[in-house]
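As given, the protein sequences belong to chains A and B, one line each in that order.
Sequential numbering from -11 applies to the first sequence in the numbering used here.
Sequential numbering from 533 applies to the second sequence in the numbering used here.
Remarks on the structure that follows.
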Amino acid sequence: MTTFEHAAPEVDSDLRRHGIRLGDLLFKGIAILASLGASVLLVLIAWQIFDLAWPAIQSFGLSFIWTEAWDPVKNQFGALIFIYGTVVTAGIALLIATPLSIAIALFLTEIAPRRVAAPIATMVELLAAIPSVVLGLWGILVFGPWVRDNLEPWIQATPLGALPVFSGDPSQSGIFVAALVLTIMIIPITSAICRELFIRVPQELTDGALALGSTRWEAIRGVMFAYAAPGIVAAVLLGLGRAFGEAIAVNQTIGNRNAIPTSWFEPGDSLGSKIASEYVGATSVEQASSILYLAAILMVISLVTNLLAQFIVVRFERARRAV
Amino acid sequence: MSELTGVDPFDITVRSNGLRRRRIVEKVAGSLAVGSAVFASGILLVVLGTLVYKGFSQLSVDFFTKPRPLFGESGGIADALVGSALIVGMAMIMAIPISVLVAIYISEYAGPKVARSLKIVLDVLNGVPAIVVGIFVFGILVVGNGQSAVFGAFALAILMLPMVARATQEILEVVPRSLRDASFALGVTKWRTTWNIILPAAIGGILTGVVIAVARVAGETAPLLFTTSIAASEISTNVTEALPTLPVTIFVFSESPDPGEQAAAWAAALVLIAFVLLMNILAKVFAGRKRRQLEGG
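Set out below in structure tokens:
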């Protein structure tokens, strides 16, 4: 009796242990496979884009990047028009969105009482949830005409109007309208990250500044900004990456013209937007692979921006931990 | 009076370097911050208001049950609704299991170095522009096979993967250590602990991540342009062919000069944004429940 009682569970537990080890191994194996898959996917995307762009890279070389041409009839292609559009729209968006985002984050963390902050934070979050195609629809049919009739004439009436980039006739679609739509898209991204950063600034640091007699604003500028500066740069870069990569809303609002406009009020085009326009099918091999070349440039710009942001975040975290 | 305060040695405002100016700067900075917050929320209200104003009158039973009209006939967006639902559904099936597994590997198995690199891989993947993902899928699948709803779903799944994986991994890391220890102490194996203890504890957070990712990809146009955009305007469930979708329909109509198509674009956009907002509210509900659970436990 006793031996039987002893023997049976032993066999059982042996079997079970074996099964258990197998289960553990299997589960870990599948999890590793999934993680490998995700990493391979990233490499595959990069490799595939360059592979598809290869004919254009070979025939046009690096000079493609600074060639100002897009002429399917003469088979002349270059990226400068679109790089200009991408950099200028994203740059304007960045200039407007950064101070606004920081101000919103400050309002939510420092000024607003909790009852006010929560709904405003939700609304800013929801702004990020608006699909780009919907924002673009609004941009082309409502916002664009408003900018043409009100904002652009107003800018031309100010001293800024003397600048060539603000010259010419106001237009409902163009670089400027696209930049403003991008601004709306990146404000929620940048402000959400800034808010996180400001929340994490140690209370005793700002308290110390206040105790030394600085005003609330001086404490924010001198202590919070200083503490969160690298994080703010990363937040801005992430917003910039988003602005670089946006294709749809820009396509709807930028006017889609294959030229570098003198005035920002005029239509132009960006990398993402140009690629999106060509979905119906490029007509020649050169044109198709040139589109892919544009995609490769866009991908490199986005990846560099993003990696830079990651790098800053990692450095920032390490420095914080050292303190 | 003023002469007296001027020499009062105990009045700190006298020697505080233009306190009045500093107070004004503070007031100005404060009002700018308030103004910015009002501005951002105002834009949301303006966009939503415009959608309701321009789109609501177009909504009817026909709009939801009939396919897109060809030339001036009355009709709706039923074809696009069916297509979007199928494509987003397939994307979820492709992306969610892999995302959760990646998250489990990062938080339960990987060492700190591998975990950090995988997080960076996910963040970089998240930063790849949607249009580039679309071109990628076009290059490996559409060239040679033609457009299909499955390829569109695959492109959306690539976008969902980093979002869901990061959200899941973050929530797995806040599941209390004590839960794992208790389970191990009872002799439960690691994978059983993960499957039966940790995942159920984190389910609220995972659902939040999934719902937010679904809301985001449901409105994505760029990955669908190259994979499932050239489609007949009829209600179809054949996912091996290109199917019409809500975002692509809005995109095409938004650039149309025809006022009728523009009106349909507004109504379709209203439907899309209603879905997106609903998903976001759902996410808030899940997130709230999760927080209560973890705090209660």
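Here a beta-carbon is modelled for each residue, glycine too, at the ideal position from N, C-alpha and C.
A/Ala109 and A/Arg183 have their C-alpha atoms spaced approximately 9 Å apart.
Rounded to the nearest whole angstrom, the C-alpha separation of B/Gly615 and A/Ala222 is 38 Å.
Judged by DSSP in its simplified three-state form, A/Asp257 adopts coil rather than helix or strand. When secondary structure is reduced to three states using DSSP, A/Trp134 falls in the helix class. CA-to-CA, the gap between B/Val784 and B/Gly608 works out to about 15 Å. Within the DSSP secondary-structure output, A/Gln144 pairs in no beta bridge.
The DSSP-derived three-state label of B/Gln679 is coil. For the region 772 to 797 of chain B, the residues whose beta carbon sits under 7 Å from a beta carbon of chain A are, in order, Pro779, Ile782, Phe783, Ser786, Glu787, Gln794 and Ala797.
Residue-level contact by beta carbon holds for B/Asn812 and chain A, with a gap shorter than 8 Å.
In its chain, beyond the 5 residues on either side, Gly666, Val669, Phe670, Val674, Gln679, Phe683, Gly684 and Ala687 have a beta carbon closer than 7 Å to the beta carbon of B/Thr759. Residues are counted here when their Cβ sits less than 8 Å from a Cβ of chain B; for the region 250 to 276 of chain A these are Gly260, Ile263, Ala264, Tyr267 and Val268, given in chain order. Residue range Ile236 to Thr241 is occupied by the alpha helix (DSSP H) that includes A/Gln240. Bounds of the alpha helix (DSSP H) holding B/Ser715 are Arg709 to Ala717.
Listed along the chain, the chain B residues whose CB falls inside 7 Å of the CB of A/Thr55 amount to none; the nearest CB is some 21 Å away. Interface residue (Cβ-Cβ distance to chain B less than 8 Å): A/Gln36 is classified as such.
Closest by C-alpha distance to B/Gln590, out of B/Ala801, B/Ile813, B/Phe807 and B/Ala795, is B/Ala795.
Burial state of B/Pro791 is exposed, judged by a 10 Å Cβ sphere holding fewer than 16 other Cβ atoms. Annotation: Cβ neighbours of B/Gly671 in chain A (cutoff 8 Å, chain order): Gln36, Ile37, Asp39, Leu40 and Leu280. With respect to the C-alpha of A/Ile163, the residue from A/Ile53, A/Arg102 and A/Asn244 having the closest C-alpha is A/Asn244. Cβ proximity to chain B below 7 Å picks out nothing from the region 152 to 164 of chain A. Contact between A/Ser277 and A/Ala44 holds: CB atoms are separated by about 4 Å, below the 8 Å threshold.
Taking C-beta atoms under 8 Å as the contact rule, A/Leu115 and A/Ile172 qualify, at a distance of about 7 Å.
Closer than 7 Å at the C-beta level to chain B, one finds no residue of the region 66 to 83 of chain A.
Note on B/Ile556: under 16 other CB atoms within 10 angstroms of its CB, so exposed under the neighbour-count rule.
When only Cα atoms are considered, B/Tyr641 and A/Leu13 end up about 11 Å apart. Taking every protein chain shown into account, the CB of B/Arg748 has 16 or more other CB atoms within 10 angstroms, so this residue is buried. The C-alpha of A/Asn138 is placed about 48 Å away from the C-alpha of B/Leu650. The straight-line gap separating the alpha-carbon atoms of A/Pro249 and B/Ala635 is approximately 47 Å. Here DSSP, grouped into helix, strand and coil, assigns B/Asp594 to helix.
Along the region 557 to 573 of chain B, the positions whose C-beta sits under 9 Å from a C-beta of chain A are Val557, Glu558, Lys559, Val560, Ala561, Gly562, Leu564, Ala565, Val566, Gly567, Ser568, Ala569, Val570, Phe571, Ala572 and Ser573, read in chain order. Take A/Ile53, set aside five residues on each side of it, and the residues of its chain with a beta-carbon closer than 6 Å to its own are Ala67, in chain order. Your pair A/Leu96 and A/Ala105 checks out as a contact, with CB atoms roughly 5 Å apart and the cut at 8 Å. B/Ala754 and B/Pro779 have their C-alpha atoms spaced approximately 9 Å apart.
Annotated as distal: B/Pro644 and B/Glu766, with beta-carbon spacing of 8 Å or more.
In the DSSP assignment, B/Pro779 falls within the alpha helix (DSSP H) that extends over Leu778 to Ser786. Nearest Cα to A/Ser155 within the set A/Ser251, A/Glu206 and A/Glu113: A/Ser251.
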